[in-house]
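So the sequences go chain by chain: A and B.
Sequential numbering from 863 applies to the first sequence in my numbering.
Sequential numbering from 4 applies to the second sequence in my numbering.
Glycine included, each C-beta is placed from N, C-alpha and C at the ideal position.
These figures come from a predicted structure and were not determined experimentally.
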Amino acid sequence: MTEIPSNKKTGPNKHLGQWLFNPFTFVAGYKALLLGLVIMLFTALVGWLGNTHFDGVLDVHTGLEAPLWVFAAEGIIDWICLAIPLYFFGLIVSPSASRMIDVVGTQALARWPYLITAVVMLPESNRRFGAYLMSRFGLTTVQVTINYIDIIIFGFAITVGIVMAIWMVALMYRAYAVSYNIKGVRAISTFIVSLIGAEVLSKCTIFLLASICPV
Amino acid sequence: MKVLPTLCPACNSKLEVKNLICQQCDTEIQGRYELPPLASLSPDDQAFILQFMKVSGSLKEMARLLRLSYPTVRNRLDEIIERVKLAENSDKNNRKENK
């Protein structure tokens, strides 16, 4: 049997960097979908514990208590709202054939950094700081006091949250580019349009869900 | 293992085969023969194509063997197809110029 020489492109050269920044070289399809769904459910569970809502494709908000299914539904909605427009845009701009399972599966897995966001949002300090900001802006009459530890913890959580958001968007783009074998202006422009559209769609869908099933 | 050179080291033009020799009886054949488009591919690409043929053109099987994802293998094949097309177009243009 002819041995295919090992190199960066054909593998197996699965070093940590590739797994972190482009895992879709090694995993896509049903495996990515299963892994992504498991991670999304864990994220929902951790979010429920810390009252951290992912109420938009990129949004993170904390404070409102809700049943676990709400957190799970938010994650699923966020994922689907981006996967579907990417699938259709990819069909239009890509010269390659692609499988829907690769697009939705890789987009599911691309959301894994938000598990880390959910974890760093766990401390009560985050909700206290959020409530403090609400009272400072006159959005609530409840008076909240915070200390320096709350500020540090919230600052750390926000910093990690921003880094994870950037990482997640980078992974989402990589997932799209690998699934459809596109790059350059076509890939970036269609990705940005899909992301903006998905953000709007996810917010509307979650709002609709909240109005139909109030918690 | 020696790698068949396909481009001129002096001017980077495509090389042609001028001399063929029989391993059995030492008969030499001289002429000018174009290398097939597949020969212009890198050794990695040629090995990929050979392996792809051996698994009956199954991208799924290739992904399993190479431990890569299905779209990665498909993208690799797309890139090789593009390179073969470029090589074929280049041959056509060379033949037109020679005429």
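Query: Could you tell me the distance, in whole angstroms, from the CA atom of residue 1143 of chain A to the CA atom of residue 899 of chain A?; Result: The requested residue 1143 of chain A is not part of the displayed model; chain A covers only 863 to 1077.
Query: Can you check whether the C-beta of residue 918 of chain A is within less than 8 Å of a C-beta belonging to chain B?; Result: no
Query: Within 8 Å (strictly less), CB to CB, does residue 61 of chain B reach chain A?; Result: no
Query: Based on the DSSP secondary-structure assignment, which residues constitute the bridge partners of residue 33 of chain B?; Result: B:22
Query: Exposed or buried, what is residue 34 of chain B when buried is set at 16 or more other beta-carbons lying within 10 Å of its beta-carbon?; Result: exposed
Query: Does the separation of the CB atoms of residue 1042 of chain A and residue 1053 of chain A fall below 8 Å?; Result: no
Query: Step through the CB atoms of chain A and report whether any lies within less than 8 Å of the CB of residue 9 of chain B.; Result: no
Query: State the beta-bridge partners of residue 915 of chain A as determined by DSSP.; Result: A:923
Query: So, does the CB of residue 71 of chain B fall closer than 8 Å to a CB anywhere in chain A?; Result: yes
Query: Quick one, which residues of the region 21 to 42 of chain B are near chain A if we go by CB-CB under 8 Å, in chain order?; Result: none
Query: For residue 1058 of chain A, name the three-state secondary structure that DSSP assigns.; Result: helix
Query: Any Cβ of chain A within less than 8 Å of the Cβ of residue 78 of chain B?; Result: yes
Query: Please confirm whether any heavy atom of the ligand SAH lies closer than 7 Å to the CB of residue 1056 of chain A.; Result: The ligand SAH is not among the ligands present in this structure, which contains no ligands whatsoever.
Query: Are residue 905 of chain A and residue 879 of chain A close, meaning C-beta to C-beta below 8 Å?; Result: no
Query: Our contact map puts residue 17 of chain B next to residue 10 of chain B with C-beta atoms below 8 Å; I'd like the distance itself, whole angstroms only.; Result: 6 Å
Query: I'd like to know whether the C-beta of residue 1003 of chain A is nearer than 8 Å to at least one C-beta of chain B.; Result: no
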